[in-house]
Amino acid sequence: MHPEETDMIRYPRRTVLRAGAAFAGATALGFPAIVRAQAEKIRIGHLTPLTGFLGVIGSYAQLGVKLAAEEINASGGIMGRQIDLLSEDSINPATAATKAQRMLEQDGAVVLLGEISSASSLTIMQVAERNKKVFFSTGARSDALRGKSCNKYSFHCDIPNTVMVNAVGTALSQKGMVKGRKFFTLTADYIFGHDLLKAAKVFFGAHDANLIGDELIATDVTDFSPYLLKVRQAKPDVVCCNLAGNQVTNLVKQYAEFGFPYPLVGFNLNTGDAWAAGAGNLSGTWPTVWYHTLDNPMSRAFVAAFSKKYGKPPENHAWIDYVTLKLLAEAINTAKSTDSGELIAYFEKQAQFDIGKARKAYFRAWDHQLVQEAYPFTVKPKEQMKDQWDMLVLGDAVPAANDPLETIYPTKEQNPCEMKA
Amino acid sequence: MQFEFLLEQVVNGLVLGGYYLLIALGLSLIFSVGGIVNLAHGAFYALGAYLCVELTSRLGFGASVVISPLAVALLGILFERFILRRFYAADPILSLLVTFGVAMVAEQAIRMIWGAAPVSTEIPQSFRGSVIVGDFLFSRYRLLILGVVAAILLGVWLLLHKTSFGRVVRAGIQRPDMVAALGIRLQPYMTAIVMLGVGLAALGGAFFAPITTVHPAMGAEIMTIAFVVVVIGGLGSFWGVIIAALLVGVVRGIAIHFEPAAGEASIYILMFVVLLVRPRGLLGERIEKFE
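Respectively, the protein sequence lines represent chains A and B. Position in the first sequence counted from 1, then plus 38, gives you this note's numbering. Position in the second sequence counted from 1, then plus 884, gives you this note's numbering.
As structure tokens, this is what we get:
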């Protein structure tokens, strides 16, 4: 792309007109300095599902990214310029792509971030590649996005499915719940679920577990009773939930309702879904990427600021969108550029970032995955909970402190990614 | 063994159908008597669930599941008096718009009061777990819901068929002009029907609060299935709605038994087939004012 074209995108006519009108008005009032500051804002596009089965956790993501933008702006912005954050409901994969295109083309966003749905993230990744602009996929977990569908302009912040399976699988193995056991899985019927099931099958295969049944479940299912009957008919040793969003909450509640003897575990859970299920309904072992009780300076500061502003502790999607905007700001400040090419070069040097965990994280150069610790968790007995948010007991971080972080991530051979130059 | 499993799905489908019925019956009654397609019906369902969660922490589940629908029924009076009443004689598109508006306002109001994140409550300990009756497994809690639904159906049937109130309502569905000619005002009856309708929806919400995600958009979620039931059953028919609700539950169960991925699609296929064969719905009556 020629430099002139890039300039056209960065300063669309409407913005110029608006700035012009503001300039005319403000000059009359005698505040030209404000106008200059306004025109120099850095626009960043944020998309996340605010409706549908992922809407609840998406709302947290939006609160997190807004807090990050406020904090960055309060401390002087990026390269001395304020952030102008555009945050919208991505709705579904098609709308997500349309909005992403509009944000880059008409609104003049220099980078995009956000999303939870792997299906929507995939379409935004394609828009990012077409427009040659960086996109940080903050909450999508499908391995395929980092492998088969990877591209040079897309970075992945959340832990991928394989890591979640490894985190929970390792914890279950230690309890003797994997080897020789019969598993029954309930899987979300879209790219994320299919991908998670694939990762689960690899794990079961490697650890001598038997998968005796799997049900693919449409994302709009709210009543699980027919599926639960099928679970009972199969008589498994362990039931495993590969669902997402509200569906996890519904399943957990209805599983508690039927009171089956087979333990329920899951390879995917967000803290928001656990809170929604409520004390007394959730049990079992699950994976998570972050929890607000993690004890380190950055996490503590974030939890305090978030709780003060919103009156409740942050959920893991609030955290991931918050840290992503923070590390992006750090990268732009260090690289002294908002140009996507220069940012990619910076991240591919595997710069380390404090993301509120014991060990620092970095984007792996070959697949752009944010390599970081993960945690298995179990559920606190109800009488030990200090409040409704204090539900989970985090297990030890995986991988163990002396193992390299990448040991729990898929290798190049397992999840090959070829980025076109 | 396969056959037993299938039968188990059928029985479970009947139980689920009973629950759909709580939502669909009120929707059907309000449309039949007032000619209003109440797109805000789901909002009352959501409100029932939220009130139940709110009250459970103070009064316990038993009291909440009674008080919450009653409170929503009272709200129904205001809804009828100040909103619906202006639209009985108007173009149906206007009542569609206004109830859609009410649904959106209600959803946002819930978001403002209780927040966007879901709230939760749990089933009382004594109704947890499942019981095995014969060869079939039932959730104890759903059996309770089924019992309540059966009692309510009996009550509504008696109300519509054995009381003078019911006679006027049924006459009002068919020939409102004749009712008027006899010097009977239908409006107070309509208030009662709206109270009953939204109260039942709220009861459904209250009962489902412990076993589903209680979130602001839950009302919109339930509306699709409620409409499918009403359309399949046919308008103006008490039994039509009942049969349709049970049928939808059973068809879904059977579909999931054989082809799980088709579970949700199966009810729309059912609706499609019914409309193709009987555009008026299974037991839909020919209602002059809608022809």
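Don't be surprised by glycine CBs; every beta carbon is placed ideally from N, CA and C. This one's a predicted model, so the numbers in the text were calculated from it and none came from an experiment.
Which of helix, strand or coil DSSP assigns to residue i
| i | result |
| --- | --- |
| Asp425 (chain A) | coil |
| Leu85 (chain A) | strand |
| Ser97 (chain A) | helix |
| Tyr903 (chain B) | helix |
| Asn280 (chain A) | strand |
| His330 (chain A) | coil |
| Lys420 (chain A) | helix |
| Ala435 (chain A) | coil |
| Lys458 (chain A) | coil |
| Leu923 (chain B) | coil |
| Trp404 (chain A) | coil |
| Lys220 (chain A) | strand |
| Thr1005 (chain B) | coil |
| Ala260 (chain A) | Strictly speaking, residue 260 (chain A) in this sequence is Thr, with Ala absent from that position. Coil, per DSSP. |
| Leu980 (chain B) | helix |
| Thr449 (chain A) | coil |
| Val148 (chain A) | coil |
| Asn308 (chain A) | coil |
| Val165 (chain A) | helix |
| Val203 (chain A) | helix |
| Asn896 (chain B) | helix |
| Ala157 (chain A) | helix |
| Ser192 (chain A) | strand |
| Val409 (chain A) | strand |
| Pro1163 (chain B) | coil |
| Glu444 (chain A) | helix |
| Thr287 (chain A) | helix |
| Thr225 (chain A) | strand |
| Pro299 (chain A) | coil |
Supposed close pair residue i, residue j - CB separation, criterion 8 Å
| i | j | result |
| --- | --- | --- |
| Leu160 (chain A) | Gly83 (chain A) | Not a contact, Cβ separation roughly 17 Å. |
| Phe296 (chain A) | Leu320 (chain A) | Actually they do not touch by this definition, with Cβ atoms about 15 Å apart. |
| Ser1004 (chain B) | Gly316 (chain A) | 3 Å |
| Val1053 (chain B) | Leu1044 (chain B) | 6 Å |
| Ala209 (chain A) | Thr331 (chain A) | Not confirmed; about 17 Å, so no contact. |
| Phe28 (chain A) | Gln388 (chain A) | What is shown of chain A runs 39 to 459, which leaves residue 28 (chain A) out entirely. |
| Ala99 (chain A) | Ile162 (chain A) | No, Ala99 (chain A) and Ile162 (chain A) are not in contact; Cβ-Cβ is about 14 Å, not under 8 Å. |
Proximity to residue i [Cα-Cα], best of the options
| i | options | result |
| --- | --- | --- |
| Val894 (chain B) | B:Gly1050, B:Gly1133, B:Tyr903, B:Gly960 | B:Gly1133 |
| Pro351 (chain A) | A:Cys278, A:Lys420, A:Trp427 | A:Trp427 |
| Asp4 (chain A) | B:Leu1119, B:Val1115, B:Pro1094, B:Gly1117 | Beyond the ends of chain A as shown, which are 39 and 459, falls residue 4 (chain A); an answer cannot be given. |
| Pro325 (chain A) | A:Ala314, A:Ile370, A:Arg179 | A:Arg179 |
| Val276 (chain A) | A:Arg168, A:Leu254, A:Ile250, A:Ala244 | A:Ile250 |
| Glu253 (chain A) | A:Val240, A:Cys278, A:Phe241, A:His194 | A:Cys278 |
| Met1000 (chain B) | A:Ala166, A:Ile110, A:Ala182, A:Leu101 | The sequence given here places Ala at residue 1000 (chain B); Met does not occur at that position. Selected option, being the one with the closest Cα: A:Leu101. |
| Ile1007 (chain B) | A:Val290, A:Lys186, A:Glu78, A:Lys137 | A:Val290 |
| Ile1151 (chain B) | B:Glu892, B:Gly897, B:Gln886, B:Leu890 | B:Gly897 |
| Asp122 (chain A) | A:Ala107, A:Pro301, A:Lys186, A:Ser345 | A:Ala107 |
| Ile1127 (chain B) | B:Leu900, B:Leu891, B:Phe889, B:Glu888 | B:Leu900 |
| Gln992 (chain B) | B:Pro976, B:Gly1165, B:Pro1100 | B:Pro1100 |
| Glu78 (chain A) | A:Arg119, A:Glu444, A:Arg402, A:Phe344 | A:Arg119 |
| Ala924 (chain B) | B:Leu935, B:Phe971, B:Ala990, B:Ser916 | B:Ala990 |
| Tyr293 (chain A) | B:Ala973, B:Asp975, B:Ser1014 | B:Ser1014 |
| Ser97 (chain A) | A:Ala356, A:Gln422, A:Ala399 | A:Ala356 |
| Arg1024 (chain B) | A:Phe221, A:Asn169, A:Phe298, A:Asn306 | A:Phe298 |
| Ile95 (chain A) | A:Asn306, A:Lys268, A:Asn354 | A:Asn354 |
| Ala1104 (chain B) | B:Ser912, B:Leu891, B:Tyr929 | B:Tyr929 |
| Met996 (chain B) | B:Leu931, B:Asp1019, B:Ala1065 | B:Leu931 |
| Ala1035 (chain B) | B:Ser1048, B:Gly902, B:Ala1064, B:Glu888 | B:Gly902 |
* To do: Would you mind listing the alpha helix (DSSP H) stretches within the stretch 1070 to 1124 of chain B that are 4+ residues and don't spill past its ends, in chain order?
  => 1071 to 1092, 1102 to 1117
* Segment contact flag, the stretch 895 to 915 of chain B with the stretch 1102 to 1116 of chain B, C-beta cutoff 8 Å, min 3 pairs -> yes
* Asked: Between the stretch 983 to 990 of chain B and the stretch 1083 to 1098 of chain B, do three or more beta carbon pairs fall short of 8 Å?
  -> no
* **Three or more C-beta pairs below 8 Å linking the stretch 433 to 446 of chain A and the stretch 223 to 231 of chain A** => Touching, no.
* Could you pull out every unbroken alpha helix (DSSP H) segment of at least 4 residues lying fully inside the stretch 351 to 384 of chain A, listed in chain order? => Counting whole runs of 4 or more residues, the stretch 351 to 384 of chain A contains the alpha helix (DSSP H) stretches 354 to 373.
* Contact the stretch 363 to 380 of chain A vs the stretch 166 to 181 of chain A: 3+ CB pairs below 8 Å -> yes
* Asked: With contact counted as at least three CB pairs below 8 Å, one residue from each stretch, are the stretch 82 to 99 of chain A and the stretch 265 to 284 of chain A in contact?
  -> yes
* Say whether the stretch 1138 to 1148 of chain B touches the stretch 936 to 943 of chain B, bearing in mind that this needs 3 or more beta-carbon pairs closer than 8 Å, one atom from each stretch. => no
* Should the stretch 1113 to 1123 of chain B be regarded as contacting the stretch 940 to 959 of chain B, the criterion being three or more beta carbon pairs within less than 8 Å? -> Counting Cβ pairs under 8 Å, fewer than three are found: no touch.
* Asked: Any contact of the stretch 950 to 967 of chain B with the stretch 1071 to 1083 of chain B, i.e. 3+ C-beta pairs under 8 Å?
  -> Flag = yes, the stretch 950 to 967 of chain B and the stretch 1071 to 1083 of chain B touch.
* Starting from the N-terminal side, write out each stretch of the beta strand (DSSP E) that is 3 residues or longer and does not extend beyond the stretch 1018 to 1057 of chain B. => 1020 to 1023
* To do: Evaluate the contact criterion for the stretch 237 to 244 of chain A versus the stretch 197 to 215 of chain A: three or more CB pairs, one atom per stretch, below 8 Å.
  => yes
* contact_flag[the stretch 206 to 225 of chain A, the stretch 242 to 249 of chain A] where n(CB pairs < 8 Å) is 3 or more -> Touching, per the Cβ criterion.
* Would the stretch 393 to 401 of chain A and the stretch 303 to 311 of chain A be scored as touching if the rule is three or more Cβ pairs under 8 Å? -> no
* May I have a chain-ordered list of the alpha helix (DSSP H) segments no shorter than 4 residues that lie completely inside the stretch 96 to 145 of chain A? => 131 to 143
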